[in-house]
Amino acid sequence: MQIRSSSLVQAFARASSTQPGSIAGCADRTNPGPATRWLTLLATALVAFSAFGQDQNKPDKPPVEAKKAAQEPIAAGGEQLSDKQVSALPLNKRDFSQLLLLAAGTQTDTNGAANFTQQFTINGQRGSATVFAMDGIDTTDPEMGGATFSNFNVDAIQEIKSSAGVLPAEIGHGAAGYTEVLSKSGTNDLHGSVFEFLRNAVLDARNFFDRRNVAQPGRIPPFVRNEFGFTNGGPLVLPGLYNGRNRTYYFGQYQGFRQVLGTTQMLPVPTVDERSGLNTTAFPGDTLYVPVDPQIAKVLARYPLPNDPQGPYGARTYATSSKVRTVTDQFSIRLDHRLSDKAQLFGRFNLNDVDGPQTNPGQLAIDPSFGIRFFDHQRNAGISYIRTQSPNLIFETYLGYVRSTPNFPTSNSTQPALAFGDGLYEGFNSAAGSTIGSYGNLFQLRQNVAWTRGKHAWKAGGEIRVNRDTTVFGLSPNGTYMFGGGTAYAPAAIRSKSGSHDIAPGDPLPDSLTGFLTATPFSYTITAAPALFGQGQRMGVAAIHRQAYNFFLQDRWTISSRFAVSYGLRYEVNSTVTEGKQQVTGFITENAAGVKIHSMNLGARGRLIVRPEPYYPIDWTGWGPRLAIDWNLDSKTVFRAGGSITSQLMNLWQLNMVTANLPIVVAPYATAERGRPLPFQNAVTRVTLPDAYSVSGQKIFATGRSTDVTPNTEMDVLRFERDLAALSPDGQVRALSVQGMSPDFRNGYIGTWTAGLERKIHDITASLGYVATTGIRLGCIESPNGYPGATPGFAPFTQFDSQGRAQGGFGPVWAVSSHSHSTYHSLQAAASKTSLRAGLGFQASYTYSKSIDDTSAVLGGFLGGASGTQLQTSPQNPRDRAAEKGPSTFDIAHAFSLSAIQELPLTRLLPALPRRATSGWQFLGMTSHMSGAPFSVYSGIQQTGVGSNNADRPDAVGSPTLSTNRPVKEDYFGLGEKNSSYFSIPINVPGGTGPNQGRFGTLGRNTFRGPAFHNFDFSLIKNTPIGPRGNAERVALQFRFEVFNAFNITNFSLPSNLVLGPGFGIISRTAGSSRQIQVSMKIVY
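Numbering-wise (the working numbering), the sequence shown opens with residue 226 and increments by one.
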């Protein structure tokens, strides 16, 4: 099933000059001819999706047809600017990817917050399964998936095409959806635009939470944005050297973006009483007098004081704004050259430098040095050669390159991170000095051939993609102390006011606040690397190599004028990942006979292999059949149906677990145990590492070169741990964290099936259809050794003494597997009108859907520590993933979008006024409405012996009424400080396990729904011709007045979801901006 998207405004403009059935108005990336007809169209208007739209498999027009189009009278083309100018719908930030959300079945991937690029879930599949291209050249992020160049200058876009559902065999790459941007080309006439868009906080409304700030009740956070740039195209003429008219064309563009945005922050911070050691929350109605450790006292002094006792965290609420700066510069140049009547050559180069924003603005409110900077230097280049050998035979060759460098560097290298398992306070330097990033390089070669014979339109081809990437995984080199989440033990006596809750030395501490004030963490982790390998900003550096080989064959068989069948087959295979210097290791599990088995199997024995070969097995089963039918029931009605299988290839960033691992990067992970507390130092502790030895007693890196290591060398992990303990201040042997690839890891695949009707009703096209997908063998992270703090019954790869204390072996084990599953069912409806009748055009879509899975992403949010809603990808019970089956994190039951353009007939209504004043007015609008996203409720405490990973859920003992229509709108659960009474945490129960003698909670995953989302954006545009030249207009001046969230609707985000955390059940953030106004001016020539 094909979804074709194009500009509504383009289609609206074409209706005045293109007859039904004509293809003269369609963009063609292979030649400049069609672009000369419509070069004045701003393809940044609405991307109008029709779930059962036009066939996208039709081959592009051959150059001979393009030549005919180019020879048509110029008056029909771009010079008639006053008649053919159109304007884009209101688009915040001029980012075309926002328009994808107008499509049926498309939502923002909620887990995108953990990713480098904005991602979209299409028909219930993860955001990393969305593939992007520009002019036939891949622009998908080489590591993570998602779009690069989403901020491409929209004045340089000719058309946007998107496919979803049953894709043709030509499209692969594991795509659940495919979006291609066609850029504008030059023509024989000089043309382009110059523009500037201005935004300022003076024109904005207040954010809902700005009103709550007692210290500054009238505050509006600062906001200044400038977007400016130009486009220019024409024939390539070098005076005295070369005249490219009718042969060679160029088109270039530049766009700059400068923004300083004040983000509203509501943070939990220590109260005055808590800073003095008074704990009134551990035992209701009683007070603990906690001795405050001197090191913690210094940390408390650096936290800001609360200033909004009526805020979402009560007396702990600190309301402020953090300034976040973003600077981007992007540029592109395109050349089109007609070699002959049969051959066309195209080339384009894009550059996009992104600096900012900082990704953790809440941390900036505590200390600016705690910020995580973001930068990404993107490059894309492509060359295509199209040869029309005959009217029935076309050859296409594409050579492409895309580079993306998303990096998250930090600047503070002296302060360890202090985190809170129950969200007690905003984390203190939650980044912990981490440096994470990727330098991805993807080379692409694609060769296609298309031929027609009789009733068949065949197409076949092959593609090679080569990854040459460098990744950096320097996680927590400053060290991270976790308070709460698991059990810690009192270092000294703690007296209670009533005398009934006194705590003796060595007793379990009741909450994270008591542990924090006494400097008694539950866990501590830090990463370090031997001197042989990367240090500092290059810790965990790895050179990743991979190749992908794809082949396809497809055919469209027009059986009759009323019935056609499209079918095809695609085959995809990836090589395994390799590392340039063989700095790879992996945790594997075997049975007693030495045969590799799954790590969850009983009797599995764990080993750490240095330089494993192979890293994991190649999956040779990447077959993807496609089948679709088109049946014209009558002249106005079409029935379409189809099914397909799409191979889901390994994502390099999410599923690579063989680099930055022990002993290349060492990650000691210690948890508190009775009689063995963790020492606390509010300073970075440098780790001295011993040499690594094999089980045969040989130094693994004896020559100092990792390439000299014998393949499949087993490391003596216990010896390394004992040697590390001998170099540590406390001399304690602690198990080390490791990672690996499951021996049964395989590619996943997506099954898709669709059926629907499309009908023409006068000048309105309507469609209604059923779309379903299932994701099989999707990637996920498994924890076969439990979570940090796991007890003997749940950590089979850890060695324990008779008292249940870890004495070595393996600590937390993170293994990538392909055991996840998803299903999606939907009813999708769409309607569009692109004719000139009544001066109105519109596109509308509605989706009613259900998406179910057992995890919605491979990785959760890293570099976290932010207060508020916690997203979790790990299961409550790592050995029972089936219990996690529930709504996907991005599941939206109802989604409706409408976009419209209305020409204002002021010339007819106000004939007395000058025509120049009344002509050229347009009103445009977009509106989106969605039901709430699901979320889980977590306990905020370790309940069982499986350990602590903040994934424990409570029991439900009540049914809250979720609403934002109460007097206190942000109190989503409705009981304020008593919101936790709806739940019971099952600890200290008969048969319980772990230090709290608990069990797993009975509450399911994603059982609650957040608030709905409603938004209206409007734009008023005036196009004024300047400088007449004959019967045409030489230059046009465009003025735009745009309003985003025009009615200033407060769209609330999800509430805090840790039962034991502050502000549980209360919302502290909005899901969108308040009303914002933008003015702009553009000159089009």
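Quick reminder that beta carbons are idealized off the backbone N, C-alpha and C, glycines included. Fair warning: this is a prediction, and the values are worked out from it, not measured in the lab.
Where residue i falls, given that 16 or more other Cβ within 10 Å makes a residue buried
{"i": "Ile-216", "result": "Outside the shown range of the chain (226 to 1310) lies residue 216, about which nothing can therefore be said."}
{"i": "Ser-1188", "result": "exposed"}
{"i": "Pro-464", "result": "exposed"}
{"i": "Arg-351", "result": "buried"}
{"i": "Ala-754", "result": "buried"}
{"i": "Trp-845", "result": "exposed"}
{"i": "Lys-680", "result": "exposed"}
{"i": "Gln-520", "result": "exposed"}
{"i": "Ile-248", "result": "Residue confidence for Ile-248 is low, a pLDDT of 28 falling below 50, so the modelled location carries little weight; the figure read from the coordinates is stated next. By the neighbour-count rule (16 or more Cβ atoms within 10 Å), Ile-248 is not buried but exposed."}
{"i": "Gln-603", "result": "buried"}
{"i": "Met-1306", "result": "exposed"}
Whether residue i touches residue j by CB criterion (9 Å)
{"i": "Gly-990", "j": "Lys-1058", "result": "This sequence places Thr at residue 990; Gly is not what is there. In contact: Thr-990 and Lys-1058 (Cβ atoms closer than 9 Å)."}
{"i": "Val-1038", "j": "Gln-964", "result": "yes"}
{"i": "Phe-1277", "j": "Thr-1295", "result": "yes"}
{"i": "Cys-1005", "j": "Val-934", "result": "no"}
{"i": "Asn-605", "j": "Tyr-626", "result": "yes"}
{"i": "Asp-941", "j": "Ser-962", "result": "no"}
{"i": "Ala-853", "j": "Val-809", "result": "no"}
{"i": "Pro-1287", "j": "Gly-740", "result": "no"}
{"i": "Glu-797", "j": "Gly-868", "result": "no"}
{"i": "Leu-325", "j": "Ser-1153", "result": "no"}
{"i": "Ile-769", "j": "Thr-696", "result": "yes"}
{"i": "Gln-1053", "j": "Leu-993", "result": "yes"}
{"i": "Gln-1032", "j": "Val-912", "result": "no"}
{"i": "Thr-998", "j": "Gly-976", "result": "yes"}
{"i": "Glu-1007", "j": "Met-825", "result": "yes"}
{"i": "Pro-902", "j": "Thr-745", "result": "yes"}
CA nearest to the CA of residue i, picked from the options
{"i": "Val-494", "options": "Ala-590, Ser-594 and Gln-555", "result": "Ala-590"}
{"i": "Ile-1117", "options": "Ser-322, Leu-324, Phe-345 and Leu-316", "result": "Phe-345"}
{"i": "Pro-1009", "options": "Ala-927, Arg-1002 and Ala-829", "result": "Ala-829"}
{"i": "Asp-859", "options": "Leu-874, Phe-788 and Pro-839", "result": "Phe-788"}
{"i": "Ile-1292", "options": "Asp-414, Ser-501, Thr-404 and Gly-539", "result": "Gly-539"}
{"i": "Thr-814", "options": "Ser-967, Gly-1029 and Gln-1053", "result": "Ser-967"}
{"i": "Phe-600", "options": "Asn-673, Ile-1077, Ile-661 and Gly-1252", "result": "Ile-661"}
{"i": "Val-1248", "options": "Thr-695, Arg-431 and Thr-1143", "result": "The question names Val, but residue 1248 is Asn in the sequence shown. Looking at the Cα atoms, Thr-1143 is the closest of the given residues."}
{"i": "Asn-317", "options": "Val-1268, Ser-1281 and Asn-1231", "result": "Val-1268"}
{"i": "Asp-498", "options": "Arg-959, Val-515 and His-1046", "result": "Val-515"}
{"i": "Thr-1275", "options": "Ser-565, Gly-956, Gly-1297 and Gly-390", "result": "Gly-1297"}
{"i": "Asn-881", "options": "Ile-1246, Gly-759 and Asp-694", "result": "Asp-694"}
{"i": "Leu-877", "options": "Tyr-474, Asn-666, Gly-699 and Arg-541", "result": "Asn-666"}
{"i": "Leu-570", "options": "Tyr-475, Arg-771 and Gly-587", "result": "Tyr-475"}
Euclidean distance between Cα positions of residue i and residue j
{"i": "Thr-639", "j": "Phe-595", "result": "11 Å"}
{"i": "Phe-1238", "j": "Thr-489", "result": "19 Å"}
{"i": "Leu-949", "j": "Gly-1036", "result": "14 Å"}
{"i": "Leu-486", "j": "Lys-567", "result": "52 Å"}
{"i": "Glu-452", "j": "Ala-1176", "result": "43 Å"}
{"i": "Ile-925", "j": "Pro-837", "result": "13 Å"}
{"i": "Ser-1113", "j": "Asp-518", "result": "43 Å"}
{"i": "Ala-642", "j": "Thr-512", "result": "28 Å"}
{"i": "Asp-1211", "j": "Asp-736", "result": "The residue you asked about is not Asp; residue 1211 is Pro in the sequence shown. Approximately 16 Å between the Cα atoms of the pair."}
{"i": "Ala-644", "j": "Ile-1001", "result": "36 Å"}
{"i": "Gly-477", "j": "Pro-842", "result": "46 Å"}
{"i": "Asn-1174", "j": "Ser-1099", "result": "8 Å"}
Stretch-stretch touch, CB-based, cutoff 8 Å, three pairs: the stretch 765 to 785 with the stretch 976 to 994: no
Touch test, the stretch 578 to 586 against the stretch 543 to 553, Cβ-Cβ under 8 Å, three pairs minimum: yes
The stretch 1232 to 1247 contacting the stretch 1151 to 1163, beta-carbon criterion three pairs below 8 Å: yes
At least three beta-carbon pairs within less than 8 Å, the stretch 353 to 361 to the stretch 386 to 405: yes
Cβ contact (3+ pairs, closer than 8 Å) linking the stretch 1120 to 1132 and the stretch 315 to 333: yes
Inter-stretch contact (C-beta, 8 Å, three-pair minimum) for the stretch 1122 to 1133 and the stretch 1062 to 1076: yes
The stretch 704 to 711 in contact with the stretch 744 to 751 per 3-pair CB rule at 8 Å: yes
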